[in-house]
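Chains as they are written, first to last, in the numbering used here: chain A, 55 to 324; chain B, 8 to 289; chain C, 107 to 415.
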């Protein structure tokens with residue numbers, strides 16, 4: 055039984071009299087312990103789809119239809135209590151811009167503590183220990199001192215590590231990462247991806263990775279779904295889709311990727 | 008050297024930020040630290056670095072948008088800081104710049120025709136409305152945009168199209184050198200690839216010297232015959248692209264290459280604690 | 107849905123103002139009576155068919171006086187704001203563009219003037235009877251001729267009033283323009299123009315000012331309302347437009363005494379002022395919307411379109 059099963063997911067945005075279909079009848083499943091990537095160019099609907107899974111879209115302009123099965127919960131129709139327990143708990147999110155995801159007026163310790171106390175049974179000193187453990191696991195040295203630091207005292211890469219710690223502290227089964235490394239320097243990108251890979255391996259985490267970068271996908275994802283104009287045009291194992299693309303759009307996407315990589319005369323491929 | 012189009016001699020640029028509630032001076036940031044480099048006619052040079060490396064600051068120093076706090080930048084043998092009036096205008100005609108953000112680099116209240124005519128008017132090229140219009144059409148064609156775009160406003164164009172307009176504007180004066188600061192960073196991969204291809208075609212055809220500033224080693228390698236690597240305000244290595252990529256001398260260069268290939272086992276150093284991240288770029 | 111509603115309001119505001127402008131221009135045709143005609147036997151009559159808005163203490167038709175008063179109020183409003191926008195924009199632009207000591211000196215001037223309570227300064231200046239002083243300048247060749255012509259066209263007191271109100275409110279505009287210019291100076295399209303070799307004049311007139319004027323125009327429409335109110339206040343204090351020339355303010359003032367018996371003397375000019383100022387405010391909102399049409403890029407750039415609407 056897959057961990058998450060998405061069937062016929064559609065998202066429409068209503069703006070006055072017009073409606074725009076951002077996600078068009080998308081279906082896929084994520085198994086336990088696998089990394090599924092959703093790729094596509096801007097406007098293809100990948101972020102809308104990811105947010106729709108736990109109804110994170112504001113539903114006056116947006117309207118979500120379809121089925122999202124997580125365990126024995128139908129997320130799109132679950133009572134809000136259960137949905138809120140899942141969101142951030144069993145299903146965690148990490149977004150592109152850590153500086154806007156972190157509350158600038160609270161120390162990172164406070165924010166992490168909030169997450170831990172919300173989604174686990176740990177309280178007080180025990181909760182604090184959990185927080186410190188996670189900060190160390192994501193590679194933040196002198197974690198105990200850093201608890202009192204504020205987000206702006208960290209670089210972008212470290213903020214993203216804090217975001218990962220916050221996401222992981224609740225021991226999620228599924229991590230949804232929306233372009234987690236796009237805003238980061240390439241050396242930091244490598245660090246974060248390595249961290250993601252290690253976390254995934256250690257905790258048998260499932261990851262839904264949203265990205266526009268096919269190289270990232272090739273590096274760490276097991277399966278990939280290609281989205282264009284709201285539709286899922288191709289879905290399959292990474293090696294399969296990237297070496298033998300079927301859909302013309304996928305071929306287009308790969309064509310441009312090759313143009314940039316081929317000219318690295320002497321650099322090893324991929 | 009006398010025949011360099013652009014030359015920086017031991018150039019430094021510092022900033023004095025004011026932080027804290029009372030906006031006191033919190034110290035000096037040296038964005039560019041005693042850098043010397045040059046761009047010769049027809050040369051294609053890539054400037055690679057991460058955020059905080061000083062590459063954008065150096066680009067702005069080379070184009071004369073910023074003045075160095077020490078050292079001097081020369082354009083066609085003249086120091087930017089000493090140029091005035093007609094001589095300054097002549098220098099500006101010879102060296103042009105393409106900005107990173109296509110949304111912000113075009114005046115939102117000017118239509119495409121006005122944007123592209125501006126360099127023509129400033130430098131008195133193509134005098135007369137008819138001649139200007141012809142030239143604008145030529146420019147639009149050279150960047151593969153339809154002539155009907157003349158009357159459109161920037162907001163009616165896509166990001167890639169706006170960047171094409173930026174390129175057309177930069178090439179309007181037939182400059183001898185072109186500096187590009189992350190021209191494809193805010194564009195989709197496929198659009199970016201097209202823009203790169205366009206840049207390559209146009210600069211090769213006119214033998215324009217190119218200084219390509221980017222954090223993206225692949226894009227730089229695709230377009231440039233030589234690469235200079237910057238780190239914390241200094242140029243730590245330069246060399247022909249092929250040589251730099253295959254036999255890098257500096258371990259940081261090696262690291263950049265491995266990271267560009269997304270080698271997850273590359274020996275990255277721990278995060279530097281309080282640097283600016285890419286959103287507040289150098 | 108919201109934008110449509112806001113637009114309707116702006117259009118309403120604009121329509122009312124247009125109507126008022128027509129009234130002002132066609133005053134001689136529209137006014138049923140001569141606004142200066144004194145008919146003591148008909149003093150303090152309530153609204154009736156003969157006098158739609160009644161008469162004042164001197165038997166003058168209130169409606170006619172209001173109609174002619176429209177001229178004064180709109181004239182003062184526009185000219186005063188025109189002066190303040192002109193002076194304020196120039197000073198703010200210079201301060202913002204050049205920075206350094208130019209900025210420091212100009213802004214200290216602004217701060218100083220801002221710290222003086224406007225009303226008292228106005229009172230002080232008016233008390234010095236500037237119209238008289240200016241008339242004495244009539245001796246000077248060019249300026250004297252200009253002033254003379256101006257004073258023949260419009261009552262000197264009104265000219266002075268417009269100038270003073272205008273000169274007392276340019277400071278806010280200056281600050282606004284300076285702030286806009288400071289932030290615009292670093293925008294990439296301005297840097298691009300510098301790199302192209304644009305002269306300072308071109309930078310200022312083609313790039314900086316056009317993009318800086320949006321908030322100024324909005325503030326100007328609000329300012330017209332404010333100028334009209336200021337004139338009303340001055341008239342209320344007896345220092346505005348001098349009777350018998352009617353202005354909404356002095357009609358209000360004259361009506362003050364008879365408030366108990368003749369409500370129409372205060373309510374009508376009050377309503378006029380209220381409606382006019384409100385219309386200007388609505389129009390200002392509409393202008394702000396309309397000017398903002400340049401700013402919204404059609405969604406396509408990498409991160410922009412991924413955001414839920």
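Ideal Cβ positions, reconstructed from N, Cα and C, are used throughout, including at glycine. If you're wondering where the values come from, they're calculated on a predicted model, not measured in any experiment.
CB contact check: residue i to chain B, cutoff 8 Å
| i | result |
| --- | --- |
| residue 318 (chain C) | no |
| residue 303 (chain A) | no |
| residue 32 (chain A) | The question about residue 32 (chain A) has no answer, for chain A in this structure spans 55 to 324. |
| residue 295 (chain C) | yes |
| residue 398 (chain C) | no |
| residue 241 (chain A) | yes |
| residue 277 (chain A) | no |
| residue 51 (chain A) | Outside the displayed range of chain A (55 to 324) lies residue 51 (chain A), so it cannot be described from this structure. |
| residue 161 (chain A) | no |
| residue 300 (chain C) | yes |
Burial state of residue i, where buried means 16 or more other Cβ atoms lie within 10 Å
| i | result |
| --- | --- |
| residue 207 (chain C) | exposed |
| residue 20 (chain B) | buried |
| residue 23 (chain B) | exposed |
| residue 92 (chain B) | exposed |
| residue 104 (chain B) | buried |
| residue 245 (chain A) | buried |
| residue 107 (chain C) | Reliability fails at residue 107 (chain C), whose pLDDT of 42 lies under 50, so the model's placement of it is uncertain and the value that follows must be treated cautiously. Per the 10 Å Cβ criterion, exposed. |
| residue 116 (chain A) | buried |
| residue 271 (chain C) | buried |
| residue 241 (chain A) | buried |
| residue 159 (chain A) | exposed |
| residue 61 (chain A) | exposed |
Test: residue i CB closer than 8 Å to a CB of chain C
| i | result |
| --- | --- |
| residue 112 (chain B) | yes |
| residue 125 (chain B) | yes |
| residue 151 (chain B) | no |
| residue 222 (chain B) | no |
| residue 100 (chain B) | yes |
| residue 191 (chain B) | no |
| residue 213 (chain B) | no |
| residue 81 (chain B) | no |
Strand pairing of residue i, partner residues [DSSP]
| i | result |
| --- | --- |
| residue 136 (chain C) | Answer is none; residue 136 (chain C) lacks a bridge partner. |
| residue 220 (chain B) | B:54 and B:188 |
| residue 145 (chain C) | For residue 145 (chain C), which the question treats as bridged, DSSP gives no partner whatsoever. |
| residue 266 (chain B) | Answer is none; residue 266 (chain B) lacks a bridge partner. |
| residue 44 (chain B) | B:15 |
| residue 82 (chain B) | B:13 and B:85 |
| residue 247 (chain B) | B:233 |
| residue 108 (chain A) | Beta-bridge pairing links residue 108 (chain A) to no other residue. |
| residue 80 (chain A) | A:63 |
| residue 75 (chain A) | A:66 |
| residue 121 (chain A) | A:61 |
Within-8 Å CB hit, residue i to chain A
| i | result |
| --- | --- |
| residue 271 (chain B) | yes |
| residue 236 (chain B) | no |
| residue 257 (chain B) | no |
| residue 85 (chain B) | no |
| residue 282 (chain B) | Here the model assigns residue 282 (chain B) a pLDDT of 38, short of 50, so the residue's position is not dependable and the matter cannot be decided. |
| residue 143 (chain B) | no |
| residue 57 (chain B) | yes |
Exercise. Quick one: which unbroken beta strand (DSSP E) runs of 3-plus residues sit fully inside the region 243-292 of chain A? Chain order, please.
Key: List check, beta strand (DSSP E) in window: 260-265, 277-282 and 285-291.
| the region 178-192 of chain C / the region 146-158 of chain C touching (three or more Cβ pairs under 8 Å) | The region 178-192 of chain C makes no contact with the region 146-158 of chain C: fewer than 3 CB pairs, one atom from each, lie closer than 8 Å.
Between the region 162-172 of chain A and the region 199-206 of chain A, can you find at least three pairs of beta-carbon atoms closer than 8 Å?
With contact defined as three or more Cβ pairs closer than 8 Å, the region 199-206 of chain A and the region 162-172 of chain A are in contact.
Checklist line | Stretch-stretch touch, CB-based, cutoff 8 Å, three pairs: the region 141-149 of chain A with the region 97-111 of chain A | finding: In short, these stretches touch, since the Cβ pair count reaches three.
Which whole runs of the alpha helix (DSSP H) in the region 203-231 of chain C are 4 residues long or more, in chain order? The region 203-231 of chain C contains these whole alpha helix (DSSP H) runs: 206-220.
For the region 126-140 of chain A against the region 65-78 of chain A, do three or more pairs of beta-carbon atoms, one drawn from each stretch, fall closer than 8 Å, so that the two count as touching? No, the region 126-140 of chain A does not touch the region 65-78 of chain A.
Practice prompt. Would you check if there are 3 or more beta carbon pairs closer than 8 Å linking the region 385-398 of chain C to the region 112-132 of chain C?
Written response: These segments touch.
- request: Could you tell me which uninterrupted beta strand (DSSP E) segments, each at least 3 residues in length, are contained entirely in the region 91-145 of chain B, listed from first to last along the chain?
  value: As far as the region 91-145 of chain B is concerned, its whole beta strand (DSSP E) runs of at least 3 residues are 102-105.
Counting beta carbon pairs with one atom in the region 271-280 of chain A and one in the region 291-299 of chain A, are three or more of them shorter than 8 Å?
With the cut-off at 8 Å, the region 291-299 of chain A and the region 271-280 of chain A touch.
- Query: Looking at C-beta atoms only, is the number of pairs between the region 190-205 of chain C and the region 281-292 of chain C that lie closer than 8 Å three or more?
  - Reply: Counting Cβ pairs under 8 Å, three or more are found: they touch.
**Study point:** Entirely enclosed beta strand (DSSP E) segments - the region 127-154 of chain A, minimum 3 residues
**Key:** If we require 3 residues or more, the beta strand (DSSP E) runs fully inside the region 127-154 of chain A come out as 145-148.
Tell me whether the region 260-279 of chain B and the region 227-242 of chain A touch, counting them as touching only if at least three CB pairs, one residue from each stretch, are closer than 8 Å.
In the pairwise beta carbon analysis, the region 260-279 of chain B is classified as touching the region 227-242 of chain A: at least three pairs are separated by under 8 Å.
Taking one C-beta from the region 310-317 of chain C and one from the region 363-377 of chain C each time, how about it: are there three or more such pairs within less than 8 Å?
Taking a contact to require three or more Cβ pairs closer than 8 Å, the region 310-317 of chain C and the region 363-377 of chain C do not qualify as touching.
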